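Residue numbers (the working numbering): 1418 to 1839. Worksheet: one structure, shown below.
Shown next as structure tokens:
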């Protein structure tokens, strides 16, 4: 069979890598893919235009959508109208990520635990609310902002500046034309991702992302600077509660409102020291960089799981995991996240091995070599018997990467080690 993966980041490279392992798959296309997928004989990069036409003409058997933007734009609806098999939520269902205001109201309607918030489109009202509420406080753009629409303001001044940047200066464009001002929560963050066929839910391995640019969770929020799986903070008891209190009500709630949800569903969690759960956000896709360690640990045939979900028989599916820990370190371009530089020559990369892979994200292949072509350039992902071993192997490989201006965190997984994770 032939499979199309929509997207060109590290998540899509990992999806293509895992899909290509299925004995049923003849070829994986990526639209548009990246320099890493262009350099491999296992994949074929194609233009990201008129993809439904492409899927028809090339007799694509299955399409998987990686990023949020095409999902919100209704790519799934267009494929289904043409009788094409595709995994992902409809445009209406993708509002769970496309509008934080929609998601917040949905969670309130279905008693899904989340932080209190207020929505504003007028800067003066938002500023008054922040002054009366105090800090720390969280400012979120309502729309899609490529992981850069959340400001965790430690002071009132920072919050007011974030409001001005979004509502007055239009820094995030239409995505920031409406904002949520949300209570600040204290605890440990984790990523919880499931697959759904609209009725049944299959949980994937847990993971923990590192959002801040710099070590010790300092600096601006990014799309994610690294992740590891499993997340020790998600104990079996917490796992059961997340399914019972968040994921199952979300899928049932969407169905009850006439919008069945088929696809990956990601809940960003805040787990308090007392075990209290809150949903920070919903994403309608695999996380990035969470997908890389999760898919490295997956032992089951991903194509079989995807087809089970499309056919509405996910309750019959089972997924098995490598017992080892996987840890990924993102290497970003100079100037990321505000103004990433493109076009730097990637001078050296470690060779892929059974326990360590380099997933490409912001790269492009030209005659003069492999160049940087985005903010997050690579995600070096390794397996190990525990967090410490996976971390050691990943950073060993990171040390072999060379390009001008590269930046990465040196503490991915370190807090888990300090907390006694295996």
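Note that CB positions come from ideal geometry on N, CA and C, so glycine has one too. For clarity, every value in this text was computed on a predicted model and none was experimentally measured.
Using the rule of at least 16 other Cβ atoms within 10 Å of the residue's Cβ for burial, across every protein chain shown, is residue 1436 buried or exposed? buried
3-residue-minimum beta strand (DSSP E) runs that sit fully inside the stretch 1620-1699, ordered along the chain: 1629-1631, 1635-1638, 1643-1646 and 1679-1688
Between 1548, 1603 and 1561, which has its C-alpha nearest residue 1595's C-alpha? 1561
Proximity below 7 Å, CB of residue 1671 to CB of residue 1611: no
contact_flag[the stretch 1449-1460, the stretch 1423-1436] where n(CB pairs < 8 Å) is 3 or more: yes
With 16 other Cβ atoms within 10 Å as the buried cut-off, status of residue 1614: Buried is the label assigned to residue 1614, since at least 16 other Cβ atoms lie within 10 Å of its Cβ.
Using 8 Å as the Cβ pair cut-off and three pairs as the minimum, do the stretch 1731-1749 and the stretch 1642-1650 touch? yes
Which residues in the same chain have their Cβ closer than 6 Å to the Cβ of residue 1729, if we skip the five residues on either side of it in sequence? 1614
Under the rule that 16 or more other beta-carbon atoms within 10 Å means buried, what is residue 1780, buried or exposed? buried
For residue 1460, report the span of its alpha helix (DSSP H) as first-last. Per DSSP, residue 1460 belongs to no alpha helix (DSSP H); it is in the beta strand (DSSP E), 1460-1462.
Where does residue 1427 sit, in a helix, a strand or coil, going by DSSP? helix
Those residues which DSSP pairs with residue 1449 across a bridge: 1424
Assigned secondary structure, residue 1443 (DSSP; H/G/I helix, E/B strand, else coil): coil
Limits of the unbroken beta strand (DSSP E) element including residue 1535: 1534-1537
Hey, quick one: how far does the beta strand (DSSP E) through residue 1467 stretch, first residue to last? No beta strand (DSSP E) holds residue 1467; DSSP gives it neither H nor E.
If contacts are defined as beta-carbon pairs under 8 Å, then residue 1520 and residue 1698 qualify, I think. What distance do you get, rounded to the angstrom? Rounded, the Cβ-Cβ distance is 7 Å, consistent with contact.
Report back the beta-carbon spacing between residue 1503 and residue 1607 to the nearest angstrom; my notes put them in contact at under 8 Å. Not confirmed; about 29 Å, so no contact.
Leaving out five residues on either side along the sequence, give the residues of the same chain with a beta carbon under 6 Å from the beta carbon of residue 1584. 1540
Cβ-based neighbour list, residue 1442, same chain, cut-off 8 Å, excluding 5 preceding and 5 following: Same-chain partners within the cutoff: 1418, 1419, 1420, 1436 and 1720.
Take residue 1840 and list the residues in its own chain whose beta-carbon comes closer than 6 Å to its own, dropping the five residues that flank it on each side. Outside the displayed span of the chain (1418 to 1839) sits residue 1840, for which this structure offers no information.
On a Cα-Cα basis, can you pick out the residue from 1835, 1715 and 1766 that is closest to residue 1814? 1766
Going by DSSP, which residues form a beta bridge with residue 1819? 1765
Should residue 1598 and residue 1556 be called a contact, given that it needs their Cβ atoms to be closer than 7 Å? yes
Should residue 1433 be labelled buried (16 or more other beta-carbon atoms within 10 Å of its own) or exposed? Buried, by the Cβ-count rule.
Among 1788, 1486 and 1771, whose alpha-carbon lies nearest the alpha-carbon of residue 1759? 1788
Residue 1809 to residue 1458, Cα distance in whole Å? 30 Å
Limits of the beta strand (DSSP E) - the one that residue 1547 falls within: Unbroken run through residue 1547 is the alpha helix (DSSP H), 1540-1550; no beta strand (DSSP E).
Around the Cβ of residue 1445, are there at least 16 other Cβ atoms within 10 angstroms (buried) or fewer (exposed)? buried
Taking only the alpha-carbon atoms, compute the straight-line gap between residue 1752 and residue 1570 and give it to the nearest angstrom. 21 Å
My output table needs one value for residue 1523: the three-state DSSP class, helix, strand or coil. Note: residue 1523 maps to helix in three-state DSSP.
Beta strand (DSSP E) containing residue 1781: first to last residue? Run containing residue 1781: 1780-1783, per the beta strand (DSSP E) assignment.
Cβ separation of residue 1748 and residue 1804, assumed to be a contact under 8 Å, to the nearest whole Å: The Cβ separation is near 19 Å, so there is no contact.
Using the Cβ count rule (16 or more neighbours within 10 Å means buried), how would you classify residue 1695? buried
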